[in-house]
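Colleague:
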Amino acid sequence: MIPEGVKTPLVIVISGPGGAGKGTIARKLCEKDPTITVSRSWTTRAPRTDDKNDSYFFVNDYEFNEHKDNGGFIEWNEFLGFMYGTPMPDQDDEKDLILEIDVSGGRQICQKLPQAILVFIDVEDSELRRRLAGRGDKQSEIDKRLLEAERERKEAKELNYQIVINDDLTKATKEIYEIICRARL
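Numbering (the working numbering), first residue to last: 999 to 1183.
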């Protein structure tokens, strides 16, 4: 039971196509405000060259499924043949928590935490294609990601995500920070 007058930490779901800038914006928000932290997801995919050391827990299928079967994830999903899961939040953490997950994961979070804030970061397809190629994605994967981006955009609208266009990193970060600040009131 939370004492009266004590605010519970926010859960902020940040979704968007691969290459939209979710991770970069999440890091910028944490740098700007030390009361915000990012959940570190688990994945069965191999690390990419642009992954930071703390971007994911990279695990094999067995480890992932064991954690999932033991109730260790608040949400999990398969994407492009790999598993991704968000660990259960630490009940003792007082920081607002960013979950950098796909829209299907956002749907799962909404069902469990209806007060969660949903933000969808988007960019034009031509810019998305350029960013994905720039990080070394193969053309076939880029094509799959662009198709998935269109599906996610539709689902984000259905779930009433707040849409932020990331055509300017500083502006997009500021817009999302303002969304968080309004939710804290």
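Built from N, CA and C at the ideal position, the CB exists for glycine as well.
What are the boundary residues of the alpha helix (DSSP H) that includes residue 1160?
Modeller: For the purposes of this step, residue 1160 is identified with residue 162 of the sequence shown, where counting begins at 1. Not the alpha helix (DSSP H): residue 1160 falls in the beta strand (DSSP E), residues 1160-1163.
Colleague: Return the chain-ordered list of same chain residues with a C-beta closer than 6 Å to the C-beta of residue 1063, the five sequence neighbours on each side being excluded.
Modeller: If you number the sequence shown from 1, residue 1063 lands on position 65. Answer for residue 1063: no residue qualifies.
Colleague: Is residue 1126 buried or exposed, if buried means 16 or more other CB atoms sit within 10 Å of its CB?
Modeller: On the sequence shown, position 128 is the one that residue 1126 refers to. Buried, because 16 or more other Cβ atoms sit within 10 Å of the Cβ of residue 1126.
Colleague: Which residues in the same chain as residue 1035 place their Cβ atom closer than 8 Å to its Cβ, once the five residues preceding and following it in sequence are excluded?
Modeller: Numbered from 1 along the sequence shown, position 37 holds the residue referred to as residue 1035. Only 1028, 1091, 1093, 1094, 1095 and 1096 meet the Cβ criterion.
Colleague: Excluding the 5 residues flanking residue 1175 on each side, which residues of the same chain have their C-beta closer than 8 Å to its C-beta?
Modeller: Start at 1 with the first residue of the sequence shown, and residue 1175 comes out as number 177. 1027, 1030 and 1031, listed in sequence order.
Colleague: By DSSP, does residue 1053 sit in helix, in strand, or in coil?
Modeller: Numbered from 1 along the sequence shown, position 55 holds the residue referred to as residue 1053. Residue state, collapsed to three classes: coil.
Colleague: Where residue 1022 and residue 1143 are concerned, what is the direct C-alpha to C-alpha distance, given to the nearest angstrom?
Modeller: One-based indexing of the sequence shown puts residue 1022 at position 24. One-based indexing of the sequence shown puts residue 1143 at position 145. Each residue's alpha carbon lies about 18 Å from the other.
Colleague: Under the three-state reduction of DSSP, which class applies to residue 1099: helix, strand or coil?
Modeller: By 1-based counting over the sequence shown, the position of residue 1099 is 101. Residue 1099 falls in the coil class under three-state DSSP.
Colleague: Return the chain-ordered list of same chain residues with a C-beta closer than 8 Å to the C-beta of residue 1086, the five sequence neighbours on each side being excluded.
Modeller: The residue labelled residue 1086 in the question sits at position 88 within the sequence shown. Within the same chain, residue 1086 has close Cβ partners 1069, 1070, 1071 and 1072.
Colleague: Please report the residue range of the alpha helix (DSSP H) in which residue 1047 lies.
Modeller: The residue labelled residue 1047 in the question sits at position 49 within the sequence shown. No alpha helix (DSSP H) contains residue 1047, which DSSP labels as neither H nor E.
Colleague: Quick one: residues in its chain with C-beta nearer than 6 Å to the C-beta of residue 1001, no 5 flanking neighbours on either side, listed in chain order?
Modeller: Numbered from 1 along the sequence shown, position 3 holds the residue referred to as residue 1001. Reliability fails at residue 1001, whose pLDDT of 48 lies under 50, so the model's placement of it is uncertain and no value is given.
Colleague: Measuring alpha carbon to alpha carbon, tell me which of 1157, 1112 and 1134 ends up nearest residue 1102.
Modeller: Residue mapping note: residue 1102 aligns to position 104 of the sequence shown, counting from 1. The residue with the shortest Cα to Cα distance from residue 1102 is 1157.
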